[in-house]
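full-length UniProt numbering puts the first residue of the sequence shown at 1, with every later residue one more than the last.
To start, the structure under review is shown below, and the notes come after it.
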Amino acid sequence: MAAIESTVARAGGRAAAYIGKIAIDRVRRKALLKRAESLLDRAPLEAFLTSLTPAQSSAFLTFVESPQFEHLALQTTVWHLAGRSEDDLADIRHSARLSLRVRLEDLPEDRLLTGTDLVVHLLTVASEAAIREHKNIDSGFAVGIVADLAAATARRHELLERLPDLRAVDRFSRLLRAQVAATRSKMRLSHLGRRAGVEYADLHVDPTFRFPGKDDNRSSADALGQYQRVVVLGDPGAGKSTFAAKLAHDLADDALDGLSGRVPFLVVVREHAEALRTSHRPFTALLEDVAKAPYNVTPPADAIEYLLLSGSAVVIVDGVDELGDAEARRRLAELLEAFAHQYPLVGIVVTSRVVGYDEASFDHTLFPDIRIARFTDDQVADYAERWFTLEQDGGLAESFLAESSRIQDLRSNPLLLSLLCSLYESKHYIPANRAQIYENCAELLFERWDQGRGMSVPMRFGTHLRPAVAWLAWRMFTDSSAQKVLSRDKVADLLIEYMLEERFDDWTEAAVAAAEFLDYCAGRAWLLTEMGTRDGQRVYGFTHRTFLEYFTAVHLVRLGPSPESVWQRLGGRIPDTSWNNVAHLAVHRLERDAHGGASGFLELLLDAAVSSGDEVRYLSFAAEVAGQVALRSSVLRRLAAECVRLAVETPVDQRFRYTWTAAAFTGQNDDGPFLHLLQAELPENLTRLSAAILEALRAPGSADAGGLIGGILLVDRPWPRESKSVGDHLIRQPGLLAVEDVRRWEERLRRPSPHDIRTNGPGILYRQANLGHNTDVSSVVRVLEKCVSNERATPADAQYLRTVYPALAASPWPWIELSEDDNDTAWDLAQEGDLIADSVDMSKVDEFDATQRSSALLLLLVFLQETGGNEFPDALKNLLTARTTGEGRADALAQVAAWKLLPEAHELVTRWVNGEGSPVRRNR
């Protein structure tokens, strides 16, 4: 009973996180708890619990701590925000009553009604705490999900009416959770030959995530606390499957704060690819299959339906990219979106590779996406120390970290980090050439682990083992019908074909060699292995897609190790995102096998890019290569010129404007290659690329558009803050600020000069700059967020409010004029308005001198008018009320007089309150 307030506060916090898409941090949790304590009436609750038997009291409290209660709190909050009727709210009471009835057996009807009243009181407390402590919760989002919740609630009522009790459901839940916790209790390192797995505590390093619009990395707890449904994107080897498996384990083991009692369903797409491609069964049928295999638990009737409708289930779908072609992935996305509408209370986590996701992405309003961040140096060090301690050679960790510091981009990938650690353990050094690193890691897959167990490759294959594996990889990858696995008979036929060409004359001898090879692979989980059965036949595949792609690239280059030959086979496939890794690995291999091979390949690519019809994809690929392979200076200069050219073709009025709706800006994709160049970190190319980009921005054809891009780089830095990238190197060069257009735009983006405001109007303060998918805040937000809040403002910020006043006062209204023909009617200040509203501290405004206060209030009027003013302090909100309704106008004008504004500002604000003027005009 002592923790009832914290339980209720937690339920309110999860409702706020889901609706508001915000993380509930320690400060917010404390505020929620304080609010819940002030609202909760304990006396009747204590009296009710005292009247129950110990078993009934325990069952009641267990329900309040359950996922079902949390989701009833979510429904209550949504209902309140959506302004639903009393009849709708009565549904929640009915849900509470049914939930208690099946849990508190033999409870008299009068006691059941009392308990229902108390549950409704607790739900109301949770809802009110969420709404009062998070004033910027999106009521529009709540309205949007109300229909889904209503339909699910009705189905849940029907289910509870026919269920006599929940004993069978509870037994199933306990058994499935226990099985998941047991089978997912260790990290699988099959790529390193470790069959038994490793305890998570011994090796696992928690991943971090990049949230949209956030500079810092966030934890798993932040991700799960903020998102009810989410797509987790990551590069190959980033740890997506490990994250999914550990999440299933931790949910089953009640190891995640605030998520106790959840029942995880882990769907590994690779294991169900055939069913997902060909079957038209509902997704719930697949969840039944998952419970039965691999967990050997048969769900009773209605058990899964109850868990889904009550919000007790969490569905984890790992590796949607494993379906291969975009059409199959689109169908799966549609299936899961429909499932999300049908079961709106279910937590859903989907993992996918980044590359190709846009071809079959989920509806972002239902499934926002976050990205697994690359390991930081601290995470790399933590993993390495754990690894070498596990191998009883902890002294190697320090030298490994020192030697691998030159390949930070490789070791920051968890899969490659594990291979590098294994490589270093074996050889005590890391090869200097990147192609050699890949090759040495591949050698580990062939040699170390099986030799350590006294096993050897079948002698009939001899030196042909590696090229045979590469041949199989090529055939698997290029055969669209293979779906990256092949039956034993098909693999045998391919091996026989290969061996007859390369080694044997006799078909029987080749067939025996093929059979021996397959038997050798079947019992080993390190590379090519038996993956299961399909249509009654055993099928073989690579244990990790990265290995399939690597050996495909090896064979591709082996067919002709020259830039011309590789371009002939690969050039047309570069726009196909499913070939992205193969293409990169092939260029690495080509650089190893042919001097200057990568540079020669990129010269051919640049020749073809402009006329290809897919220039963005070709240049993006080339920019990615520049971050991985040392290239000729001539190639770097040409590549930088092409990427900058493509970016500056976006007009200035498209890049610097009021609105960032999808319809308003078409340059995001065109910026992609340039952004890839900025993010490159390879030391060998860093200085030369920086100089080449600066040269391209200085070019006469760049002018104003190039200046704007340079200004964005200086102000917004659209690359990870901790990186040692080309972009970071570029902005440190004095030559960038020496470009007149860059210097002018940097000033405009930070604090437009009075001359700029007089020339272009105060509306320039409210425009936002965009580069790719990175949208910077407007300069007015940059200044006001510091000056009118508790944040420490610099003297320059405070002085700016004084300096800019004459220009503001002399500029006639409207400052901002929006019209249909320039797409600006879609202007929505909600996001920036929330930043300002949350920042405004009227005591700071009162401390300003008259000039500062006059500037601040004139600038704030735009946000107050365009956002509805709900989140602003009462002193400002009352001005808007007086303007829109006339109510309290005399008091509002008295407040304006009390501020003692300068004459011009006093007149403008007074006119605004009286509805006689507006800084914004919308021409419909």
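Glycine included, C-beta positions come from ideal geometry on N, C-alpha and C.
Taking each of Val845, Leu808 and Asp653 in turn and checking the Cα distance to Ser789, the smallest one comes out for Val845. Partner residues in the beta bridge of Gly347, as assigned by DSSP, are Val314.
DSSP places Tyr658 in the coil class of the three-state scheme, outside both helix and strand. Ile372 is bridged by DSSP to Phe209.
Contact check for Leu765 and Pro752: beta-carbon distance about 6 Å, within the 8 Å limit, so the pair qualifies. If you draw a 10 Å sphere on the C-beta of Glu624, you find 16 or more other C-beta atoms in it, and that means buried. By the CB criterion at 8 Å, Thr77 and Ala15 fall inside the cutoff. Our two residues, Ala608 and Asp671, have alpha carbons roughly 19 Å apart in a direct line. The Cβ atoms of Arg171 and Ala340 lie no closer than 8 Å to each other. Scanning Ala293, Arg281, Leu256 and Val582 for the CA closest to the CA of Val268 turns up Ala293.
When C-alpha distances from Thr650 are compared across Gly888, Leu189 and Asn770, the shortest belongs to Asn770. Listed as beta-bridge partners of Ile816 by DSSP are Val920. The C-alpha of Ser310 is placed about 17 Å away from the C-alpha of Val8.
Rounded to the nearest whole angstrom, the CA to CA distance from Leu390 to Ser422 is 11 Å.
In summary, His464 is buried, with 16 or more beta-carbon neighbours lying within 10 Å of its beta-carbon over all protein chains present. Restricting attention to beta strand (DSSP E) runs no shorter than 3 residues, the region 137-188 encloses none. The alpha carbon of Ile145 has as its nearest neighbour, out of Asp91, Asp106, Leu74 and Arg101, the alpha carbon of Leu74. The alpha carbon of Arg538 has as its nearest neighbour, out of Val491, Asp409 and Ser612, the alpha carbon of Val491. It is roughly 9 Å from the alpha-carbon of Thr867 to the alpha-carbon of Ala837. For Gln768, the uninterrupted beta strand (DSSP E) run begins and ends at Gln768 to Leu771, by DSSP. In this chain, the alpha helix (DSSP H) harbouring Pro414 covers Pro414 to Lys427. Taking all protein chains shown into account, Glu46 has fewer than 16 neighbouring C-beta atoms within 10 Å of its C-beta and is therefore exposed. By the 16-neighbour rule on beta-carbons within 10 angstroms, Ser38 is exposed. According to the DSSP assignment, Arg229 belongs to the beta strand (DSSP E) that extends over Arg229 to Gly234. Taking C-alpha positions only, Thr153 is separated from Val566 by approximately 58 Å.
About 6 Å separates the CB atoms of Leu401 and Ala384; that is less than 8 Å, so the two are in contact. Apart from the 5 residues on each side of it in sequence, Arg911 sits with its Cβ closer than 8 Å to the Cβ of Gly917 in its chain, given in chain order. By the Cβ criterion, the region 266-280 is not in contact with the region 206-223, since fewer than three pairs of Cβ atoms, one from each stretch, lie closer than 8 Å.
Look at Val783 here: in three-state DSSP terms it is helix. Here the alpha carbon of Val913 sits roughly 22 Å from the alpha carbon of Phe848. Residue pairing of Glu199 in beta bridges, as defined by DSSP: Lys186. Check the Cα spacing between Arg188 and each of Ala291, Leu636 and Phe243: the tightest is with Phe243.
In the structure shown, the three-state DSSP call for Ser127 is helix. By the neighbour-count definition (other C-beta atoms within 10 Å, threshold 16), Leu259 is a buried residue.
At least 8 Å separates the beta-carbon of Gly701 from that of Asn413. Leu33 has its alpha-carbon roughly 29 Å from the corresponding atom of Ile370.
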